[in-house]
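Down below is the structure, laid out as structure tokens.
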Amino acid sequence: MAFTIRFRVWDKQEKEFTQKGFSLTLEGKLLKFGQPISNEDNYVVNCFTGLKDKYDKELFEEDIIEHTVAKGGNLTQHTGIIRYNQEHGAFYLENGPPLLQLFSIRKVGNPYENPILFDLYLKSKS
Numbered sequence: 360m361a362f363t364i365r366f367r368v369w370d371k372q373e374k375e376f377t378q379k380g381f382s383l384t385l386e387g388k389l390l391k392f393g394q395p396i397s398n399e400d401n402y403v404v405n406c407f408t409g410l411k412d413k414y415d416k417e418l419f420e421e422d423i424i425e426h427t428v429a430k431g432g433n434l435t436q437h438t439g440i441i442r443y444n445q446e447h448g449a450f451y452l453e454n455g456p457p458l459l460q461l462f463s464i465r466k467v468g469n470p471y472e473n474p475i476l477f478d479l480y481l482k483s484k485s
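Numbering-wise, the numbering used here puts 463 at position 104 of the sequence shown, and it's gapless, one number per residue.
Following this line, the structure appears as structure tokens:
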């Protein structure tokens, strides 16, 4: 069985996501049209989680999401950033549970296309 790893690349200079022409080596080096990239710091790679939100939007690493938590008969909305946990080999909410344990997930945005969301999230954590 073949497994395809999907990712998106944020180009800091162009200020847009793209996947066209990019690939990753087994060592994790980013290539563009098969050639090594000299200014790798100009790009941010986000892995696809394999999941979609309740509106069928794909969820990637570093996306900001809202999700529902059921506790003691009450439903509450929580917000978090998706991070990859290498120790567990799974995607988690930053300082929270694994994505697979959440329900009613709604993608809010990401810190690249909407930095204000990221700033608001960081302020709510402090």
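Ideal Cβ placement from N, Cα and C applies to all residues, glycine included.
Which same chain residues end up closer than 7 Å to Arg367 when comparing Cβ atoms and leaving out the 5 residues on each side of it in sequence? Residue mapping note: residue 367 aligns to position 8 of the sequence shown, counting from 1. Close CB contacts of Arg367 within its chain, under the 7 Å cut and outside five residues either way in sequence, are with Phe376, Gln378, Asn405 and Phe419 (chain order).
Out of Tyr443, Ile441, Arg442 and Glu425, point me to the one whose CA is closest to Thr435's CA. In the sequence shown, counting from the first residue as 1, residue 435 sits at position 76. The closest CA to that of Thr435, considering only Tyr443, Ile441, Arg442 and Glu425, is found on Glu425.
How should Ile475 be labelled, buried or exposed, when 16 other C-beta atoms within 10 angstroms of its C-beta is the threshold for buried? Against the sequence shown, residue 475 aligns to sequence position 116. Exposed, by the Cβ-count rule.
Return the CA-CA distance between Arg365 and Pro456, expressed in angstroms with no decimal places. Taking the sequence shown and counting its residues from 1, one reaches residue 365 at position 6. Taking the sequence shown and counting its residues from 1, one reaches residue 456 at position 97. Distance from the CA of Arg365 to the CA of Pro456, rounded to the nearest whole angstrom, comes to 23 Å.
Out of Gly439, Asn398 and Glu421, point me to the one whose CA is closest to Thr427's CA. Here the question's residue 427 lines up with position 68 in the sequence shown. The shortest C-alpha to C-alpha distance from Thr427 to any of Gly439, Asn398 and Glu421 is the one to Gly439.
Rounded straight-line distance, which links the Cα of Asn473 to that of Ser485: The sequence position of residue 485 within the sequence shown is 126, counting from 1. The sequence position of residue 473 within the sequence shown is 114, counting from 1. Note that Ser485 scores a pLDDT of 46, beneath 50, so its modelled location is shaky; the value from the coordinates is reported in the next line. Approximately 20 Å between the Cα atoms of the pair.
Please report how far the alpha carbon of Thr384 lies from the alpha carbon of Tyr402, in whole angstroms. As a working note, residue 384 is residue 25 in the sequence shown. As a working note, residue 402 is residue 43 in the sequence shown. Thr384 and Tyr402: Cα-Cα distance of roughly 15 Å.
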